[in-house]
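Asks:
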Amino acid sequence: GGGSDAKELGEREGEREGAASDKKSMSSSSSSPSASSAYKRLDAIVTSVIQLNAYKGDTTVQGWKLLAKIADNIASEPNNARFRRVPLNEKVQRKLGFLEGSLELLTAIGFELVSADAGKRFLLLSDDQLQVDVVSYASGLFKAASLSHSPSNNNNNNNINNN
1 GGGSDAKELG EREGEREGAA SDKKSMSSSS SSPSASSAYK RLDAIVTSVI QLNAYKGDTT
61 VQGWKLLAKI ADNIASEPNN ARFRRVPLNE KVQRKLGFLE GSLELLTAIG FELVSADAGK
121 RFLLLSDDQL QVDVVSYASG LFKAASLSHS PSNNNNNNNI NNN
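Right under this line is the structure:
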């Protein structure tokens, strides 16, 4: 009598698929042509940024980790405006500065450079530019890049001394 087990399993999978499709409908559809071209564009930019920074070794890890954190926060809470506004203050610029091409990566996921009063600059991901599936995909790419550039079995922090 394995037939009824298979039918029951199929029904459960159908229920799960239904729940998953409800969740997907909240973000942009991952099957849209713009999403797949965005994935290809991101792949290409990440590859070129990795090549551009190859000679720097593990100094780029801070930049990759920050990019991954930014993308991860947005993917987990896309409606939180705080995560979609990145101030280009000294701390952020220092971390991203180690990673040549980091601003291009952020603009590839929809961020735009905005200048505010008193010359303050920040990156903004507006509602009309937000594609949660693309940001989520980028997060995975950035995490993989940060892991591939982490020093192996090196417990020393390679932070610059601020003496």
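If you number the sequence shown the way full-length UniProt numbering does, the last residue is 163 and the count never jumps.
Glycine is no exception: its CB is placed at the ideal position from the N, C-alpha and C atoms.
Leaving aside the five residues before and after R41 along the sequence, list all residues of the same chain whose C-beta is less than 7 Å from its C-beta, in chain order.
Replies: In the sequence shown, the residue the question calls residue 41 occupies position 41. These residues qualify, in order along the chain: A108.
Asks: What does a CB cutoff of less than 8 Å around L106 pick up in its chain, not counting 5 residues either side in sequence?
Replies: Stepping through the sequence shown from its first residue, residue 106 is reached at position 106. So the list reads L67, I70, V86 and L123, once near-sequence residues are dropped.
Asks: What's the C-alpha gap between I50 and A38?
Replies: If you number the sequence shown from 1, residue 50 lands on position 50. If you number the sequence shown from 1, residue 38 lands on position 38. I50 and A38: Cα-Cα distance of roughly 18 Å.
Asks: I think K95 touches G63, with their Cβ atoms under 8 Å apart; what is that distance to the nearest whole Å?
Replies: The count along the sequence shown starts at 1 and reaches residue 95 at position 95. The count along the sequence shown starts at 1 and reaches residue 63 at position 63. Confirmed, about 6 Å.
Asks: Taking only the alpha-carbon atoms, compute the straight-line gap between T47 and V134 and give it to the nearest angstrom.
Replies: If you number the sequence shown from 1, residue 47 lands on position 47. If you number the sequence shown from 1, residue 134 lands on position 134. Roughly 16 Å between the two C-alpha positions.
Asks: Might you give, ordered along the chain, the residues of its own chain that have their beta carbon closer than 8 Å to the beta carbon of I45, omitting 5 neighbours on each side?
Replies: Mapped onto the sequence shown, residue 45 falls at position 45. Taking I45 as the centre and dropping the five residues before and after it, the same chain places the C-beta of G101, E104, L105 and A108 closer than 8 Å to its C-beta, in chain order.
Asks: On the DSSP letters alone, give me the boundaries of the beta strand (DSSP E) that S115 sits inside.
Replies: What you label residue 115 is simply residue 115 of the sequence shown in a count that begins at 1. E112 to S115 is the span of the beta strand (DSSP E), which, as asked, contains S115.
Asks: For G18, name the three-state secondary structure that DSSP assigns.
Replies: The residue labelled residue 18 in the question sits at position 18 within the sequence shown. With a pLDDT of only 42 at G18, under 50, the local geometry of the prediction cannot be trusted, and no value is derived from it.
Asks: Nearest to G110 by CA position, among K120, A75, Q129 and A54, is which residue?
Replies: Numbered from 1 along the sequence shown, position 110 holds the residue referred to as residue 110. Nearest C-alpha to G110: Q129.
Asks: Does DSSP put L99 in a helix, a strand or coil?
Replies: Residue mapping note: residue 99 aligns to position 99 of the sequence shown, counting from 1. The answer is coil: DSSP assigns L99 none of H, G, I, E or B.
Asks: V132 to G57, Cα distance in whole Å?
Replies: As a working note, residue 132 is residue 132 in the sequence shown. As a working note, residue 57 is residue 57 in the sequence shown. Approximately 30 Å, taken between the alpha carbons.
Asks: Cutting at 7 Å between CB atoms, please list the residues of its own chain near A75, excluding the five before and the five after it.
Replies: For the purposes of this step, residue 75 is identified with residue 75 of the sequence shown, where counting begins at 1. Excluding positions up to five away in sequence, the list reads V132, V135, S136 and S139.
Asks: What do you get for A81, buried or exposed, if any count of 16 or more other CB atoms within 10 angstroms of its CB means buried?
Replies: The sequence position of residue 81 within the sequence shown is 81, counting from 1. Classification of A81: exposed, given that the 10 Å Cβ count is below 16.
Asks: So, for L52: in the same chain, excluding its five sequence neighbours on each side, which residues have a beta-carbon less than 6 Å away from its beta-carbon?
Replies: Here residue 52 refers to the residue found at position 52 when the sequence shown is read from its first residue. For L52, where only same-chain residues beyond five positions count, the Cβ hits under 6 Å are E100 and G101.
Asks: Within the continuous beta strand (DSSP E) that includes L124, where are the two ends?
Replies: For the purposes of this step, residue 124 is identified with residue 124 of the sequence shown, where counting begins at 1. R121 to L124 is the extent of the beta strand (DSSP E) around L124.
Asks: Below 8 Å on the Cβ atoms is my guess for K65 versus S146; work out the distance and round it to an integer in Å.
Replies: Counting from 1 along the sequence shown, the entry for residue 65 is found at position 65. Counting from 1 along the sequence shown, the entry for residue 146 is found at position 146. Contact flag correct, Cβ pair sits at about 5 Å.
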